[in-house]
Structures are given as structure tokens and as C-alpha cells.
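J.:
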Amino acid sequence: MNVEILIAGVCTLGVWSYLYKMNPVFRVFESIFIATAMGTSFAFALNYVITNAWYPLSKGNMIGLIPLLLGAMCFFTFVKKYRYLYRIPIAFCVGIGTALGMRGAIQVNLFDQIRATITPIIVSDPLNTFNNIIILFGFISVLTYFIFTIRQRTTSKTIMTLSNLGRYFMMAGFGCEVGQGFLTRMAYFNGRLQLLERTDAIYLIPIAIAIVIADFTLVRQRRGKASQDRA
Amino acid sequence: MPFATGRVFMFALLSLFSFFILMSLQLAKKTRVNVRPIPALDSLHECVGRAVELGRPVHWTTGYGSAMHGGGGLLSPALISGLAIFTHIARLCAQMGAELYATFCVAELMPPAMQAVREIYSVEGKEELFKSQNFIYFSPSQFAYATGVISFMETQQVATNILCGQLQDECILLAETGATIGAVQVGGGGQYAYLMITCQYLLIGEEFYTAAAYLSQDQAQLGSIRGQDFGKITVIFLFLGLSILLMLGIDLTGVFKI
Amino acid sequence: MSFIKRDLPVVISFILGIIVITQYFWIDPTLTITSTTIQGWAVVIWAFMMSIGVINIFIRETRSIISKKAGQWYYSIIIVVFLSCMILTGIIGTTNNPIYLYLFNNFNIPINQAVASLLAFFTISAAFRAFKARSLEVLVLLFSACVVLLGNVPIGSTISWTIPWTRDWILNVPNLAYSRGINAGAALGILGLGIRTLLGYQRSAYGMGAEE
Amino acid sequence: MTEKSIFSKLDNIDRRILWLIFIAFCSIPVFYPLGLPITVTKPTLDLVNAIKALPDGSKIFFEDDYTPLGHQEVTPECIAIVRLLISKKMYIVFASFYTPEAALWPPYIFNVALSKEVEAANYKYGVNYAFLGFIPGGDTSVSAFCLKIRQVANVDYYGTPLDQLPIMNNFEKIQDFNFCVTSGSTGLAGMLSQMQAPYKMPMVILCMGNDYSNMVRYYQAGAIKGLTSGLRGAAEIEMALNTPGEGMSSMDIVQGGFLLLVTFIIIGNISYFVAKYRSKPLQEGNKR
Chain B
2 MNVEILIAGV
12 CTLGVWSYLY
22 KMNPVFRVFE
32 SIFIATAMGT
42 SFAFALNYVI
52 TNAWYPLSKG
62 NMIGLIPLLL
72 GAMCFFTFVK
82 KYRYLYRIPI
92 AFCVGIGTAL
102 GMRGAIQVNL
112 FDQIRATITP
122 IIVSDPLNTF
132 NNIIILFGFI
142 SVLTYFIFTI
152 RQRTTSKTIM
162 TLSNLGRYFM
172 MAGFGCEVGQ
182 GFLTRMAYFN
192 GRLQLLERTD
202 AIYLIPIAIA
212 IVIADFTLVR
222 QRRGKASQDR
232 A
Chain F
8 MPFATGRVFM
18 FALLSLFSFF
28 ILMSLQLAKK
38 TRVNVRPIPA
48 LDSLHECVGR
58 AVELGRPVHW
68 TTGYGSAMHG
78 GGGLLSPALI
88 SGLAIFTHIA
98 RLCAQMGAEL
108 YATFCVAELM
118 PPAMQAVREI
128 YSVEGKEELF
138 KSQNFIYFSP
148 SQFAYATGVI
158 SFMETQQVAT
168 NILCGQLQDE
178 CILLAETGAT
188 IGAVQVGGGG
198 QYAYLMITCQ
208 YLLIGEEFYT
218 AAAYLSQDQA
228 QLGSIRGQDF
238 GKITVIFLFL
248 GLSILLMLGI
258 DLTGVFKI
Chain W
49 MSFIKRDLPV
59 VISFILGIIV
69 ITQYFWIDPT
79 LTITSTTIQG
89 WAVVIWAFMM
99 SIGVINIFIR
109 ETRSIISKKA
119 GQWYYSIIIV
129 VFLSCMILTG
139 IIGTTNNPIY
149 LYLFNNFNIP
159 INQAVASLLA
169 FFTISAAFRA
179 FKARSLEVLV
189 LLFSACVVLL
199 GNVPIGSTIS
209 WTIPWTRDWI
219 LNVPNLAYSR
229 GINAGAALGI
239 LGLGIRTLLG
249 YQRSAYGMGA
259 EE
Chain R
32 MTEKSIFSKL
42 DNIDRRILWL
52 IFIAFCSIPV
62 FYPLGLPITV
72 TKPTLDLVNA
82 IKALPDGSKI
92 FFEDDYTPLG
102 HQEVTPECIA
112 IVRLLISKKM
122 YIVFASFYTP
132 EAALWPPYIF
142 NVALSKEVEA
152 ANYKYGVNYA
162 FLGFIPGGDT
172 SVSAFCLKIR
182 QVANVDYYGT
192 PLDQLPIMNN
202 FEKIQDFNFC
212 VTSGSTGLAG
222 MLSQMQAPYK
232 MPMVILCMGN
242 DYSNMVRYYQ
252 AGAIKGLTSG
262 LRGAAEIEMA
272 LNTPGEGMSS
282 MDIVQGGFLL
292 LVTFIIIGNI
302 SYFVAKYRSK
312 PLQEGNKR
């Protein structure tokens with residue numbers, strides 16, 4: 002009997018107990034999870050600082066001092082008088098994050114999309130021609146949906162129709178999102194189900210079922226008593 | 008030539024669109040801009056009002072962040088936009104006296120959110136209502152954060168749940184829990200399909216990124232939305248024009264490779 | 049003073065933003081080195097922000113232990129114990145410490161997988177409860193969801209060859225149009241948001257809530 | 032209409048009942064495999080044939096890079112492939128470059144999932160297979176590894192120096208291997224650019240479901256010999272090799288889940304419409 006597999010089984014059943022209702026067992030595993038996840042990331046972050054900022058500094062590379070100072074400025078959030086100083090490291094996060102976001106959006110979301118959408122619309126295969134026309138209309142109508150400043154009701158009926166059509170394209174896209182994502186979700190579920198039913202962890206299942214049934218009957222009895230008392 | 012190959016036309020597009028946006032930022036100070044109503048943003052007042060009526064808290068969260076930027080010390084545009092919606096909610100909460108909670112997965116979002124709300128509360132003269140313990144950080148791990156938020160929402164029985172930011176797979180966990188405890192939900196920026204079916208109000212795509220400008224009701228910022236519209240119209244015509252030219256046998260798609 | 053408080057952050061982020069964007073288009077060794085260096089600094093800042101998060105957790109949980117907050121303080125003890133244990137062992141053993149690895153492999157990983165498996169349950173119940181064809185729009189959503197679902201598993205092709213064909217068509221035609229349209233729109237939205245943030249029209253990201 | 036009809040009851044059903052049905056329905060294939068039909072796609076068939084075509088006793092480099100979440104999706108594929116490799120008496124060396132947790136999976140495959148096959152084939156650690164564990168550094172360490180293995184890896188997963196492992200005496204650089212199997216998601220692009228492209232290593236990829244559309248163009252361009260993704264890929268490999276195992280029963284579970292989800296959507300809609308149709312006259316009556 003493998004202890005680690007049993008622990009994994011207990012963890013799985015503990016988390017799944019949330020499906021029955023919110024209960025202390027789930028809260029315990031949730032607390033362990035938050036603590037271990039936080040600890041892992043924090044240890045990783047600290048080691049990153051030590052290797053990438055502290056070692057260069059101790060070797061005499063003075064430029065390594067800047068990120069450490071900037072990082073230390075974050076702690077001014079706790080000092081009332083100099084609280085505004087934490088904005089400087091934040092400005093780093095905002096500036097770089099926005100710039101990376103902007104250039105990424107232009108490249109991936111706009112430039113590559115336009116480049117891929119431009120095709121000769123009418124081709125020899127009628128089905129492909131039809132598909133190209135649909136893609137063209139879909140692209141334009143979805144973009145029209147996002148036009149905000151031209152007042153749609155009064156000025157133009159075409160824009161109104163196009164933007165309504167755009168919503169239907171969006172709905173079809175949302176449907177694909179559901180269909181495509183579920184495969185991964187089932188894979189997660191399948192992994193846990195296999196763990197519970199294929200390995201030694203299967204002995205835990207009757208215990209779990211017994212606890213749930215006991216709780217269920219106890220709650221029922223208590224409710225019955227309470228209603229009798231009221232009566 | 009020090010210009011990166013394959014990026015010249017992209018740079019031209021970027022400059023053109025930036026020019027549109029900057030121009031309309033300037034021009035909007037002179038002429039009024041009418042923006043079509045975005046129901047999800049107009050509903051925020053009513054959502055906070057409902058929380059006050061029920062005497063239960065308002066909750067805001069951004070989700071896990073993006074895979075690329077979430078863990079790298081950077082605030083991506085989606086998170087910044089979520090934060091702008093959050094400051095608007097905070098103002099409404101201060102005015103109407105609702106209890107406001109915020110949960111975080113992205114650590115670098117917490118200090119600005121907390122200080123912005125502190126400022127808003129002091130401007131509204133409700134400094135005594137500001138509680139720093141209402142800003143809860145769980146962990147940078149996606150599902151640890153999700154479990155934390157689930158049990159938080161269940162114990163606090165939040166009345167209004169605002170999921171604006173960058174929600175990934177944890178989206179369905181948060182939104183479905185919110186729906187089962189009967190919260191009014193506003194969703195934006197994430198897996199739209201699940202937000203669509205679980206939330207009462209939904210911000211799709213660009214609606215979400217323009218939320219900050221829309222909520223500010225500042226003429227200059229509203230003007231920048233008009234600049235974005237010019238950009239979209241340009242994209243449509245560029246696309247139509249190049250496609251038609253390609254059909255006529257004139258291949259201009261080479262500009263993308265310069 | 050007001051400059052340092054209000055405008056200096058905006059100026060800094062504007063300069064950094066320009067550097068990062070220019071580096072993408074203009075090939076210059078010094079610019080590239082500057083850009084990668086400041087991006088490395090951002091990771092160090094992130095690590096410090098993470099420590100603020102840890103402090104937040106410690107303050108919250110110790111407060112709840114001290115005040116014996118009802119229904120919470122025993123969980124707080126678990127969090128504090130496990131978190132201190134992970135951090136101490138993680139620092140001493142530089143993430144190769146056996147205790148750290150044991151906690152990580154036997155608690156974090158299985159619980160993570162178990163929580164991820166909840167996604168399937170929640171999708172099932174949300175689908176039953178909320179996937180109702182209230183309007184024609186939602187009907188379109190439902191149809192495409194069902195077809196793509198069935199087309200994704202081999203059983204779809206056993207039922208009828210049309211199902212995988214329709215799935216491919218939906219994915220390659222309407223879905224493509226949708227994703228291109230929504231992405232192009234979002235790109236312009238991000239551009240506008242970026243310009244407003246870097247120019248300081250919109251300052252909530254710097255932690256300034258009140259407009260002046 | 033005061034009494035609740037079955038449909039309006041269905042409309043407001045307790046979600047725990049749905050979940051119970053879901054678990055019960057998906058548990059059936061675990062004990063009684065249904066053998067729902069699976070078609071083998073061409074990339075998967077090519078992958079299996081590429082490995083089958085190798086002579087017995089070839090040297091395989093097996094790279095794995097997936098997180099604990101990917102474990103549930105990719106490990107069945109790896110198990111199916113490793114089973115084939117063991118049956119052909121191949122020498123296998125495992126390493127991972129991009130995800131620290133990935134070092135856990137090879138020991139799991141050999142010591143837990145395939146322990147019977149390993150024993151039957153008389154496979155010994157250090158002689159027939161070795162785990163190098165996690166080698167930090169991403170792309171740079173992959174390219175250094177290809178040039179000279181001992182430059183970046185000196186000890187194995189258990190901390191034993193490589194010189195004490197007999198199998199490792201055969202290997203100095205990446206060209207000493209005959210074939211490469213890459214699995215996971217994070218490292219795919221790096222492995223293709225650092226190992227496949229410069230050294231023209233014959234390579235197959237076992238990826239996660241959402242990487243498939245990105246990787247399929249490398250397959251079409253001929254850079255990789257074969258490609259398969261997710262649980263479906265595991266089932267296809269087992270189908271192609273005619274060795275039913277974890278993959279096929281997993282695919283039964285997954286297909287069951289999909290069918291159940293679609294059925295729930297349909298039942299939910301029927302009950303919604305019936306409930307709406309029945310309550311309509313009442314609402315209109317109220318309005319008047």
C-alpha cells in the first residue's frame with residue numbers, strides 16, 4: 002500500500018466533499034492548498050531575487066542595486082507618511098506591462114489577423130467562396146458591433162443590422178469555446194477518477210460515502226426534531 | 008537598416024491608430040462625443056444598490072491574470088481595466104454605504120487597488136468605512152486562489168459579484184458559485200461563454216477595455232473611444248480594399264512582410 | 049511634492065513604455081539590453097510584491113487567530129503553520145529541501161489536480177441550469193456548443209459523418225470570423241487604454257483614485 | 032396550476048443529483064470498459080509507425096515537460112508509448128528542461144503505472160533506462176545539452192553521478208541518440224528550434240489538446256514524424272497497437288462525459304420549454 006497514493010486519494014475526496022456542501026474538511030484542504038501554493042511561489046520568488054539580484058550585487062555589479070531599491074520601495078505601502086513612494090515600483094509594472102500588452106496586441110491580435118484574413122474571396126471551389134464570404138461578413142459585423150461613437154439607432158440601419166449579425170457570430174464562437182475546453186476538463190476529472198477507482202485509494206471511497214450518509218441522516222433528524230419542537 | 012524586418016507596416020499601423028486616438032483626445036475637448044450605452048456598465052449603480060438593500064457585501068476580483076504577464080511582475084491592460092472598473096465601484100460603495108471586498112491573485116495589483124480605494128473614501132469623506140482587511144490576497148496559484156474565493160463567497164454570501172479582469176479556467180468555478188448563492192454578477196474579460204450563461208451583465212472584448220473611459224465621463228477620454236472607432240473603420244476598409252485588389256490580381260500583401 | 053506624488057509615476061511609466069515599444073521595431077543593441085534589463089527588474093519587483101502578499105496573509109490569519117474569529121481561526125492556524133513551514137524550508141534548502149518537496153508533491157499537486165477536476169462538475173451543472181435557449185442568440189450558442197462537443201470525440205463520427213464535418217466548419221468559418229473580429233477590436237481597445245494610461249489620463253493603475 | 036409538474040421539478044433540480052449521476056455514469060467504464068469506437072487519425076498512425084520502424088534496441092531520448100495539470104492528459108500517452116518502447120527493448124533516457132515538476136512523471140510511469148511490464152521485460156534502472164530529472168535553463172540548456180550532455184547534467188534524478196550509470200556511457204552528445212520523443216506543452220517550441228531544427232533529430236510529439244492546432248503545421252511541413260494529443264491520442268495509440276490500456280478506458284470515460292453533457296443540455300432545454308409553455312397561460316391570466 003502506497004502512502005503517497007492514499008494521501009492523494011484523501012486530498013481528492015476532501016476537495017470533492019465541497020460538491021456535497023461547504024464543510025470543514027474542504028476548508029482544511031483549502032487552507033493547506035493556499036498555504037502550500039503561496040509558500041511555493043514565495044520560495045521561488047525569493048530564490049529568483051537571490052540569484053538574479055543579490056549575487057550580481059555581491060560580485061560588485063552596482064546596477065543590481067536598482068531593482069532591490071525599487072523592490073524595497075514597495076514596503077512604503079505600510080508607512081503612512083511616505084505612502085506615495087510605492088507608486089514608483091508600480092509605475093515600472095504599469096509601464097512595461099502596458100507597453101508589452103500594446104505591442105503584443107498589435108502584432109498578434111491585429112496585424113496577424115488582418116494578414117490571415119486577406120484572401121482572394123472568389124475562388125474556383127464554390128464552398129470555399131461561400132466560406133470566404135461568411136468570414137468576411139463575420140469579421141466586419143463583429144467589428145461593427147464594437148463601434149461605439151456613431152449613434153446606431155438614428156443614423157444607419159445597415160450598421161444596426163451588421164452589429165446584430167455580429168452578436169450571432171460571437172455566440173457561435175462562444176459555443177466553440179465550451180466545446181473545445183471541455184476535453185481538458187474531462188481529462189482532469191478522468192485523472193482523479195482513475196486515481197480513486199484504480200489504485201488503493203478505492204478503499205477510501207466507502208469511508209467517504211459512509212460519512213456523507215451519516216451527515217445526511219443526522220441533518221435530517223435534527224431538522225425533523227426542530228420541526229416537531231416548533232409544532 | 009536598423010528597422011526590424013516584417014515590422015515596418017505594423018509600425019505604420021500602430022502610428023496611424025495612435026495618431027487617431029491622440030487627435031480625438033485633443034479634439035474631444037471642443038466637440039461632444041456620444042457613446043452608445045453599454046448596459047453592463049450602466050448597471051453597476053443598480054448592482055451596488057441591491058447589495059445595500061440586502062445588507063450583504065460587494066465583491067470584486069480579477070481572476071488569475073494572463074499566462075504571459077500574470078507571474079512576471081507586470082500589470083497587463085486587462086488588469087488595469089479591471090482596476091478602473093473597481094475604483095468606480097469603490098466610489099459607488101462609498102457613496103451608498105455598501106461593504107466592499109476585493110480578492111487578488113496578482114500580488115502587484117493589491118497595493119494600487121488598496122491605495123486608490125483609500126483615496127476615494129477620503130475624498131468622499133467616508134474614511135472610517137475603509138477597511139484594509141477587506142483586501143484579501145490568496146496566492147498566485149490559479150486554483151488555490153479559486154478555492155479561496157469560493158469559500159470566501161460562500162461564507163460572506165456576497166450580493167454583487169464583479170468578475171472583471173483576466174479570468175482563465177477558474178472562471179466557471181467563481182461564476183457558478185456566485186450564481187448558486189444568488190449574487191448579481193457582472194463579467195468581463197475571460198471565458199465569455201461561461202460568463203455569458205452565468206452573469207446577468209457581460210462586457211465583451213473591446214467594451215471591457217473602454218470601460219474606464221466610459222465610466223469616467225471625461226470628454227477627453229470619451230474622445231479616445233472615437234479614435235478607436237476610426238481605427239476599426241480603417242481596419243475594415245484596409246481589409247476590404249486589399250482583398251478586392253487581390254481578387255483583381257494586384258497582390259499588395261507583400262507590405263506585411265516589409 | 050505634488051509632482052513626486054502625482055506625476056513622477058506617470059513620467060516613469062511613459063519613458064519605460066516608449067523604450068519597450070521602440071525596442072520591438074528598432075534594432076539597436078543598447079536599446080535591446082536596456083529593455084531586457086528593465087524587464088528583469090520587473091520580475092524582482094514582482095518578488096517583493098509577493099512578499100507584501102505574504103505579509104497580507106500573515107497579518108490576516110494571525111489577527112483571526114488572536115481574536116479567535118468564529119469559524120475561521122482553526123483554519124488560520126493551518127495556513128500559518130504550513131506557510132511558515134514551506135517558506136522556511138524553501139529558503140534553507142533552496143527548493144530542494146526534502147520537507148519542502150514532500151509537502152509540494154504530496155499536498156499541493158494532488159489538491160491542485162482535484163480542484164481542477166471540479167471544473168468538469170461545474171461545467172455540467174452550469175450547462176444544465178443555465179444553457180436554456182431563452183433567445184435565438186443563445187440557441188445559436190447551444191447548437192454550436194453541442195456540435196463541437198460531439199465532434200470532438202470519436203463517437204460523433206459514429207453517429208453521423210455530418211457531425212465532425214459541421215464541427216470543422218463551425219471552427220474554421222464562423223469561429224474564425226468571431227475570433228479575428230473580437231481580437232482586432234480588443235487590440236484597438238488595448239491601444240486606447242495603453243495610451244490613456246501612459247499619458248496619465250487614467251490613473252487608477254498607479255493607485256490614484258480621485259481625479260483632480 | 033399548484034402542483035409541480037415533473038418538468039418544472041427538473042428545471043430546478045438540485046445540482047448534487049446531477050453530479051451524482053455524472054460520477055456514477057463515468058465510473059462504469061472504469062470497471063466495465065465499454066469499448067466505444069475510436070478512429071485512428073493519420074498523425075497518430077505515423078507516430079506509431081515511425082517508432083515501430085526503428086530497430087530493436089535503439090536509443091531513445093524522451094523529453095517530458097508538463098505541469099501537474101497536464102499530467103492527467105499527457106501521461107496516458109507517455110505510458111502507451113513507453114509500453115511500446117519496452118516491448119522493443121529500447122534504451123530510454125528521460126529529461127525535462129522547462130517545468131520543474133516534470134521530473135516526477137518518469138518515475139511514476141516506470142514504478143507505478145508500468146511496474147508489471149518493467150518487471151516482465153527485466154528492465155533495470157541505470158542499464159536500460161535513466162532519469163536525468165529537471166535541467167534548469169530552458170532553451171539555452173537544451174542547446175548546451177545537445178552539444179555536450181555532461182555540460183549541463185552531471186547527476187541523475189536520484190543524485191547519482193552519471194558516470195556510475197552504465198547506460199550513460201553510450202551518450203556524449205545528442206547525435207548518439209537514434210530518436211527523440213517530446214511530450215508536454217511548455218517546451219515544444221524550444222525543443223523544435225533547439226534540438227530538431229539544428230540536428231535534424233527524428234522527433235515525434237505527444238502534446239496537450241490545446242497545443243494540437245499549433246503543432247499540426249510542423250507535422251504538415253514534415254519537421255516531426257508524428258503527432259498526437261491528449262487522452263484521445265493515448266486511446267488512438269493503444270488502438271493502433273492493439274494493446275488496450277489506460278488510454279482507451281479513459282477515452283470511454285471522456286466520451287461518456289461528453290454524451291452526458293449534451294444529454295443534460297437537451298433535457299434542460301426540454302424541461303425549460305415545457306415548464307415555460309405550461310406556465311404561460313397562468314402568467315397572462317395574472318396580467319389581466
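Chains as they are written, first to last, in the working numbering: chain B, 2 to 232; chain F, 8 to 265; chain W, 49 to 260; chain R, 32 to 319.
By construction, the Cβ of each residue, glycine as well, lies at the ideal position given by its N, Cα and C atoms.
This structure is a prediction, so every number in the text was calculated from the model and none was measured.
Can you name the start and end residues of the alpha helix (DSSP H) that G199/W belongs to?
T.: G199/W -> alpha helix (DSSP H) spans L184 to N200.
J.: May I have the straight-line CA-CA distance separating Q250/W from S88/F, to the nearest angstrom?
T.: Cα to Cα, Q250/W sits roughly 10 Å from S88/F.
J.: Along chain F, in chain order, which residues have C-beta atoms closer than 7 Å to that of F73/W?
T.: By Cβ distance, chain F contributes F10, A11, R14 and F18.
J.: Since A91/F contacts A219/F with CB under 8 Å, what's their CB separation in whole angstroms?
T.: Indeed, because the Cβ distance is near 3 Å, the residues count as touching under 8 Å.
J.: Given that a residue counts as buried once 16 or more other Cβ atoms are within 10 Å of its Cβ, and exposed if not, what is M75/F?
T.: Residue placement at M75/F cannot be trusted, given a pLDDT of 44 that sits under 50; what the coordinates show is reported in the next sentence. Classification for M75/F: exposed.
J.: Once you ignore the five residues that flank P57/B on each side, which residues in its own chain have a CB closer than 7 Å to its CB?
T.: So the qualifying residues of the chain are G65.
J.: For R215/W, decide whether its Cβ has a neighbour in chain B, counting only Cβ atoms nearer than 9 Å.
T.: Yes, contact with chain B.
J.: Which residue marks the beginning of the beta strand (DSSP E) containing T167/F, and which one marks its end?
T.: Start and end: T167 to C171.
J.: So, using beta-carbon positions, are V61/R and K90/R closer together than 9 Å?
T.: No.
J.: What residues in its chain sit with their C-beta under 7 Å from that of E109/W, if we drop five residues either side in the sequence?
T.: Answer for E109/W: S124, I127 and V128, listed in chain order.
J.: What residues of chain B sit near S88/F, judged by a beta carbon separation below 7 Å?
T.: Simply none; closest approach about 10 Å.
J.: Near S280/R, what residues of its chain come up, given a Cβ to Cβ distance below 6 Å and the 5 sequence neighbours on each side ignored?
T.: Here the set comprises P60 and P64.
J.: Of the residues that make up the segment 132-151 of chain W, which ones have a beta carbon closer than 7 Å to any beta carbon in chain R?
T.: Of all residues in the segment 132-151 of chain W, none has a Cβ within less than 7 Å of some Cβ in chain R.
J.: Where Y189/R and L184/B are concerned, what is the direct C-alpha to C-alpha distance, given to the nearest angstrom?
T.: Looking at the two C-alpha atoms, the distance is approximately 35 Å.
J.: Between V188/W and chain R, is the shortest Cβ-Cβ distance under 9 Å, so that the two count as touching?
T.: Chain R, which has no Cβ nearer than 9 Å to the Cβ of V188/W, makes this no.
J.: Would I199/B pass as an interface residue toward chain R - the criterion being a Cβ-Cβ separation below 9 Å?
T.: According to the sequence displayed, residue 199/B carries Arg and not Ile. Yes, R199/B lies at the interface with chain R (some Cβ there is under 9 Å from its Cβ).
J.: For Q195/B and chain R, any beta-carbon pair shorter than 9 Å?
T.: Yes, Q195/B lies at the interface with chain R (some Cβ there is under 9 Å from its Cβ).
J.: Does V92/W have its Cβ less than 9 Å from a Cβ in chain R?
T.: So no, V92/W is outside the interface.
J.: Can you list the residues of chain R that L187/B reaches, using a CB-CB cut of under 8 Å?
T.: Position check: residue 187/B holds Met in this sequence, whereas Leu was assumed. In chain order: L262, I284, V285, G288 and F289.
J.: What are the partner residues of Y249/W, as DSSP defines its beta bridges?
T.: DSSP, once it has assigned bridges, lists no residue as partnering Y249/W.
J.: Does any residue of chain W have a CB that is nearer than 9 Å to the CB of K40/R?
T.: So, not an interface residue.
J.: Would you kindly work out how many angstroms separate the C-alpha atoms of A153/F and E177/F, rounded to a whole number?
T.: Going by the C-alpha atoms only, they are around 6 Å apart.
J.: For the putative contact between A202/B and I6/B, defined by C-beta atoms under 8 Å, what is the C-beta separation to the nearest angstrom?
T.: Indeed they touch by this definition, with Cβ atoms about 6 Å apart.
J.: Helix, strand or coil, according to DSSP, for E106/F in the structure here?
T.: Note: E106/F maps to coil in three-state DSSP.
J.: Going by DSSP, which residues form a beta bridge with V93/R?
T.: The displayed chain sequence assigns Phe, not Val, to residue 93/R. Bridge partners of F93/R: F125/R and V212/R.
J.: Could you check whether the Cβ of K53/W sits closer than 9 Å to any Cβ belonging to chain B?
T.: Cβ-Cβ to chain B under 9 Å: yes for K53/W.
J.: Taking only the alpha-carbon atoms, compute the straight-line gap between K81/B and I52/W and give it to the nearest angstrom.
T.: Distance between the alpha carbons of K81/B and I52/W is about 16 Å.
J.: Considering only their Cβ atoms, is the gap separating E115/F from W89/W smaller than 9 Å?
T.: No.
J.: Quick check: the Cα distance between S83/W and V95/B, rounded to an integer number of angstroms?
T.: Cα to Cα, the separation comes out at about 15 Å.
J.: Of all the CB atoms in chain R, is at least one closer than 9 Å to the CB of L20/B?
T.: Closer than 9 Å: yes.
J.: As an exercise, report each continuous alpha helix (DSSP H) stretch of at least 4 residues that is fully enclosed by the segment 137-225 of chain B, in chain order.
T.: Runs of the alpha helix (DSSP H) inside the segment 137-225 of chain B: 153-156 and 158-199.
J.: Using only the alpha-carbon positions, how far apart do A200/F and F175/B sit?
T.: Straight-line Cα distance between these residues: approximately 5 Å.
J.: Is it buried or exposed, W50/R, if we count other Cβ atoms within 10 angstroms and call 16 or more buried?
T.: W50/R is buried by the Cβ-count criterion.
J.: Look at the alpha carbon of L86/B and the alpha carbon of L239/W, and state the distance between them as a whole number of angstroms.
T.: Between L86/B and L239/W, the C-alpha separation is close to 28 Å.
J.: Return the residue from the list L14/B, W55/B and G102/B that minimises the CA-CA distance to P207/B.
T.: Per the Cα distances, L14/B.
J.: Taking N241/R as the query, report the chain B residues whose CB atoms sit under 8 Å from its CB, ordered along the chain.
T.: Those within 8 Å of N241/R in chain B are Q181 and T185.
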